[in-house]
Every structure is written in structure tokens, then in C-alpha cells.
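Trainee: Numbering follows the numbering used here, with no gaps: position 257 of the sequence shown is 1190.
I'd like to ask some things about the structure below.
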Amino acid sequence: MTATGTGPAPATGTGPGPAPGTRIRLNAPEPGWSIEADVVVVGSGVAGLTAALRCAAAGRRTVVVTKARLDDGSTRWAQGGIAAALGDGDTPEQHLADTLVAGAGLCDEEAVRTLVTEGPAAVHRLIATGARFDTAPGGEEIALTREGGHHRRRIAHAGGDATGAEISRALVEAVRDAGLRTIENALVLDLLTDADGRTSGVTLHVMGEGQHDGVGAVHAPAVVLATGGMGQVFAATTNPAVSTGDGVALALRAGAEVSDLEFVQFHPTVLYLGPDAEGQQPLISEAVRGEGAHLVDADGTRFMVGQHELAELAPRDIVAKAIMRRAHEQGVEHMYLDGRHFGAAMWESRFPTILAACRAHHIDPVTEPIPVAPAAHYASGGVRTDLRGRTTVPGLYACGEVACTGVHGANRLASNSLLEGLVFAERIAADITENPAPHTPADPAPVAAAPRATLPLLAPETRTAVQRIMAAGAGVLRSAESLARAAAELDRLHREATEAAETNTPGAAHKAPEPGVEAWEATNLLCVARVLVAAARRREETRGCHWREDHPDRDDASWRRHFRITLDAARALTVRTTATAGFPPALAP
């Protein structure tokens, strides 16, 4: 992929979608089986299952496709909770204000207002679905706590620090009780489009289990991407192994716009397991600081005091940067989170999951501070949508972490993610129900237009190389030099894969890998990594969770706007910018 377009420029309107025949797809076998549906939802977290349940309740034939098991997505790992103005004295306006501050000038205010206004009712509907939140002692009111960036207690939690697991349990049970058709252990490959460039389903590969096996297709006029994040693009992350950016990569190949990929939130307090630790790392929830734990250095000094009015509860980008600065000053790799004053009873009742994770690594938070360091946690950017979850490709929707609604801006406010997935999934289901797309099952049209290009497959073992390149060049601290180095190394991997695909002869220096799950995942990771780095190089400022050492200041005059990035049929990136912090319509009127 190469990048085109330079500097800030006014946005132009988007057309009705990608032109027929201009798609790119993965190198994969043709579908050997197919099924018909009205809606296919890809992903089984809070966003995907909420959208599926609402669509099915409206009478739409709905199929849920998920990469692992139904309960094995990112939602179940969410510890802190779900934010909404549920408490006495709190209001959506106050929630709006905190979100806008955390987003560092790049939130789409209309999207945020939608989130905070519709959020409380959406949480109550989630409770009606079966989710059980912790209640205040001796009462039935939902217990609320605080996290970074929130000026009020508005975080509802479950099982102490197992909110995501409880939400996942409730939604999975509801899906099974409703009898929704599900395809587990399936990696979605590419979007299917009809002759007019409209969505007509997906291709997918079922990994050896279930009713189907191998590559097949689900034909449907509406596709909802709810595939989660792309944390696995970095060496150390809080994300599960399935978070390989598949949804963003699929959308790019289909011609959809993506935005704000440079804004990757690094959670400031992840259990530090050593300089060589890779893969999913244990998260130490922000709620631990919300309950009064202190960030300290090796000398026991609380270094956040005086850096922000909220000290340890400052927005995540501020805390992550402060940890990195202090570590660099002292020549160490991590700081500490001190919650010893909680006592054993509070640790065991309020944070049982975190306590068990720490003890599994021979650290006891009851008697010693927890070593912590930032790690890749959440992608504020993704596939660009409007307030109904529509992308720039007709019939393709996105919600949850894979989407960029404009809610998070340059830095997500803690615990807004579950709420965003919930609210916008309901909006997507309403749009699908109110505006059904044309679908004629007998029509042979719902197949992919003949592609003009494929992305060369990356060898599975190259996945680690991508992760290490990104950790070194595009992590918490970035600069023109580090990003240029990362871009060059990623370009080399892409070039080698291209050469291997074009030659693929015995004795060649680089032999093309066989199509398969590991190669597809590595290819998706390389795709999103190159887009992320291209955006990070372009944004010559420090804003939110994008920290440029060579441009340490925020520059509203030049950069208070979003990038709109597409991948054309020649595999070249086109980068445009919006005129303001708001987004233009996803689809032409």
C-alpha cells in the first residue's frame, strides 16, 4: 500500500459506495457452501449480540458469526464497568462534558450527545435482558464508582470487577433462548457486494467445527461489523488473541472509509510482566484507582499529584504519559499501583479477578504495590459511521470498537466503550428494521464482483515481526523518526509478501504462504498497521493518546479534524481530512 494526499484539506462528499469491480479481497478459496439471511452480524460482544437480538426481535432472519465461541470476545474482559448518568445529581450534560474533555477536541458532539442521552435507558434495557449489576449495600440501587476523567460516580459494575463477563453471560443466554442461528469459530474474510456495489453478505472460513467447515458465504443485504479491536497489532496488549483488526481490514478492502486509527489508547495500568512480555497482558482496572489506589514510583512518591486536578483519575492519555515520563526520568520500565490500604476484604470482594491475576504472577496487592506499565488497550478509531451505524458502503454497518462514530475523539473516556456498543447497536437495528434493504434470495446477484486485486498473504510467523515493529515505532511515544522507521519496515514486509505472491516458485527467497487462518490474520494485522502508521505520520501534533515527541503541542488550527482513509483497487491509501471535528454524512442523501 502507498499513501496519497498531503496536508490538511477540506472534506469532499462521499459517493454511494465503492464502484463495482474495484474491491480487493484476501487470497482464499471460493465459497463451498452458503446460507441465506436478512442480517449477518459479525462479532459476539455487547455490540454484536445487542444488534442481533434487536434485529431478530423485529422479525429479521439474523445470523451471528463469531471468530471463537459466543462468549469469547473482548466484552468479557471488560473489568471496570459501563458509564451512564444513572446516579442522583448526575445528568447526561455532565457526562457529555467529561467525554468532550477526554476526547481532546475531536469528539463529534452530536454523536456524544446521542450516547449520553440514550445511554441510561439502554442500560436499563440491558438489565431487562438479564444483566445483573452490583447494588449498593442494603438496597436495590445500582452501585456506582468513578474512573479516570469522570467527575461523578457513574460507572455501573458487576461481580466487582467482572462487568464484561456478566454482560456477555446475559446476552449469550438471551441469544440462545431466542434460538438465533450462530456460526462459531469462523473468521470472516471479505464483504460480498452486488453489481451496484451494495452489500450482499460475507465470505467466511469455519475452523473445523460446527455444521459447516471451510470457506463459505452468508448472503444478506445487511452486514453488521462488530468485530472488536486490533490490539494484537502491538506486542503487548490487553486484548484477546482474536483482536487482529479483521473488521477494519475487511472494510478497507471493501472500499469503506476508516478514521482516527492513530488514536490507540494505551491503558496506563497493565500488570508489568517484564521487558520481553508479549501477547495479552492482565489489566488492572481503572476502578482500582477510582476506589483510591495511588500511583507511585519506586520511592513511594505519588507523581500524579499536581499534574492534573484529578491526579490518578486524570484521563488515560495523561496518566499513561506521566508513567512513561517518570519511568524515563528514573531509567526504569514501570511504576507501581499501591492499594495496600484497601485491606484483604476489599480486594477479595471488590476486585476478585484482579487479585487472582496478580497472585497468579506471584504478586499480592494486599501486601505489596503492583508493578504497572501502559499497554495497547483500545482503538478510538475504526470504520467511519454515521449516527445510525451506517458506513460509506451501502448495507454495511459497524458498531463497537471496530467503528468510529466520533464519540471518542482522540481519547476514549473510561467505560464509555460498552455504552457506545450498546447504544449504537440499538440504532443500527432500528435502521435495518425501518429501512430494509432490497433482497431477492432467488437472484444470483449476491456474489462478489470480480476483484481487480488481492492483498498478498503474509506468512504466519511474520505476525510477531509486525507487533514488534509497531511496539518500537508507534507505541505510547512516537516521533517522525520512529514512525518513518516503522513505515519502512512494514513496507518491506508488504513488498516481500508481494514478491512471493508474484513469483511463488521453488527456491524463491520468499515463498507465498498457503491460505489459512494464521496467514489471513497476519495479513489483516499488516494492513491495519500500515494505515495506523500512515495516519500517525500525517498528524504532526500531540493530541489525546497520540503523542508525538517531535510535535509536543496540540495544534487546533491545523489538526482539529479527522482523517478519512480509503484503500483503492491499486492497493494505494488515499488520505483526506474533514473540514471540522465533526464528520460528514456517511452516505450521500
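The C-beta atom is built at its ideal place from N, Cα and C for all residues, glycine as well.
1) Only counting the same chain, and skipping five residues up and downstream in sequence, which positions put a Cβ closer than 8 Å to that of Ala-1378?
2) Give the straight-line distance between the Cα atoms of Ala-1362 and Arg-1273, rounded to the nearest whole angstrom.
3) Give a yes or no on whether the C-beta atoms belonging to Pro-1302 and Leu-1270 are separated by under 8 Å.
4) By alpha-carbon positions, which one of Gly-1354, Gly-1322, Ala-1405 and Asn-1457 ends up nearest to Ile-1365?
5) Output the boundary residues of the beta strand (DSSP E) element that contains Arg-1114.
6) Answer with buried or exposed for Val-1238, where buried requires no fewer than 16 other C-beta atoms within 10 angstroms of its C-beta.
7) Beta-carbon within less than 6 Å of Val-1175's beta-carbon, same chain only, minus the 5 sequence neighbours each way: which residues are those?
8) Report back the beta-carbon spacing between Leu-1019 and Leu-1077 to the nearest angstrom; my notes put them in contact at under 8 Å.
9) Between Ala-1150, Leu-1458 and Gly-1314, which has its C-alpha nearest Glu-963's C-alpha?
10) Hey, is the stretch 1186-1203 in contact with the stretch 1048-1057, meaning 3+ C-beta pairs nearer than 8 Å?
11) For Phe-1199, list the residues DSSP reports as bridge partners.
12) If I follow the unbroken alpha helix (DSSP H) through Ser-1415, where does it start and stop?
13) From the DSSP output, which residues share a beta bridge with Arg-1497?
14) Closest by CA to Leu-1194, which one among Ala-980, Val-1181 and Gly-1112?
15) With a threshold of 16 other CB atoms inside 10 Å of the CB of Pro-1485, please say whether the residue is buried or exposed.
16) State the Cα-Cα distance for the pair Asp-1021 and Arg-1487, rounded to the nearest angstrom.
17) Which class does Gln-1240 belong to by DSSP, given the choice of helix, strand or coil?
18) Quick one, which of Asp-1067, Thr-1475 and Glu-1074 has its alpha-carbon nearest Asp-1094's?
19) Looking at the secondary structure, which residues open and close the alpha helix (DSSP H) in which Ala-1150 lies?
20) I need the straight-line Cα distance from His-1227 to Ala-1044, nearest angstrom please.
21) Taking only the alpha-carbon atoms, compute the straight-line gap between Glu-1432 and Val-1450 and give it to the nearest angstrom.
22) Bridge partners of Cys-1337, per DSSP?
23) Reducing DSSP to helix, strand and coil, say where Thr-1024 ends up.
24) Would Gly-1328 and Pro-1154 qualify as a contact pair, given that the criterion is a beta-carbon distance under 8 Å?
25) My output table needs one value for Pro-1518: the three-state DSSP class, helix, strand or coil.
Mentor: On the basis of the coordinates in this document:
1) The count along the sequence shown starts at 1 and reaches residue 1378 at position 445. At Ala-1378 the pLDDT is 47, less than 50, meaning the model places this residue with poor confidence; the figure from the coordinates comes in the next sentence. Correct list, in chain order: Asp-1127, Ala-1128 and Ser-1133.
2) By 1-based counting over the sequence shown, the position of residue 1362 is 429. By 1-based counting over the sequence shown, the position of residue 1273 is 340. Using only the alpha carbons, I get a separation of about 46 Å.
3) Start at 1 with the first residue of the sequence shown, and residue 1302 comes out as number 369. Start at 1 with the first residue of the sequence shown, and residue 1270 comes out as number 337. Yes; because the gap between Cβ atoms is below 8 Å, this pair is in contact.
4) On the sequence shown, residue 1365 is found 432 positions in, with the first residue counted as 1. It is Gly-1322.
5) Counting from 1 along the sequence shown, the entry for residue 1114 is found at position 181. Unbroken beta strand (DSSP E) run through Arg-1114: 1114-1116.
6) Here the question's residue 1238 lines up with position 305 in the sequence shown. It is exposed - the Cβ of Val-1238 has fewer than 16 other Cβ atoms within 10 Å.
7) Your numbering for residue 1175 matches position 242 in the sequence shown. Cβ within range, chain order: Lys-1000 and Ala-1001.
8) Within the sequence shown, numbered from 1, the residue matching residue 1019 stands at position 86. Within the sequence shown, numbered from 1, the residue matching residue 1077 stands at position 144. 6 Å between Cβ atoms; contact.
9) Mapped onto the sequence shown, residue 963 falls at position 30. Among Ala-1150, Leu-1458 and Gly-1314, the Cα nearest to that of Glu-963 belongs to Ala-1150.
10) no
11) Residue 1199 sits at position 266 when you count from the first residue of the sequence shown. According to DSSP, which records beta bridges pairwise, Phe-1199 is partnered with Ala-1309.
12) Along the sequence shown, one-based indexing puts residue 1415 at 482. 1413-1436 is the span of the alpha helix (DSSP H), which, as asked, contains Ser-1415.
13) On the sequence shown, residue 1497 is found 564 positions in, with the first residue counted as 1. Arg-1509, per the DSSP bridge assignment.
14) On the sequence shown, residue 1194 is found 261 positions in, with the first residue counted as 1. It is Val-1181.
15) The residue given as residue 1485 occupies position 552 in the sequence shown. Under this definition Pro-1485 is an exposed residue.
16) Position 88 of the sequence shown, counted from the first residue, corresponds to residue 1021. Position 554 of the sequence shown, counted from the first residue, corresponds to residue 1487. The alpha-carbon atoms of Asp-1021 and Arg-1487 are separated by roughly 36 Å.
17) Position 307 of the sequence shown, counting from 1, holds the residue named residue 1240. Here Gln-1240 sits in coil by DSSP.
18) Indexing the sequence shown from 1 puts residue 1094 at position 161. It is Asp-1067 whose Cα lies nearest to the Cα of Asp-1094.
19) Sequence index remark: in the sequence shown, residue 1150 carries index 217 (1-based). Unbroken run through Ala-1150 is the beta strand (DSSP E), 1147-1152; no alpha helix (DSSP H).
20) What you label residue 1227 is simply residue 294 of the sequence shown in a count that begins at 1. What you label residue 1044 is simply residue 111 of the sequence shown in a count that begins at 1. Straight-line Cα distance between these residues: approximately 33 Å.
21) By 1-based counting over the sequence shown, the position of residue 1432 is 499. By 1-based counting over the sequence shown, the position of residue 1450 is 517. Roughly 21 Å separates the two Cα atoms.
22) Here the question's residue 1337 lines up with position 404 in the sequence shown. Partner(s): Arg-1317.
23) Translated into positions along the sequence shown, residue 1024 becomes position 91. Of the three classes helix, strand and coil, the one that applies to Thr-1024 here is coil, per DSSP.
24) Reading the sequence shown from its first residue, position 395 is the one you call residue 1328. Reading the sequence shown from its first residue, position 221 is the one you call residue 1154. Yes, Cβ-Cβ distance for Gly-1328 and Pro-1154 is below 8 Å.
25) Within the sequence shown, residue 1518 is the residue found at index 585, counting from 1. Reduced to three states, the DSSP call for Pro-1518 is coil.
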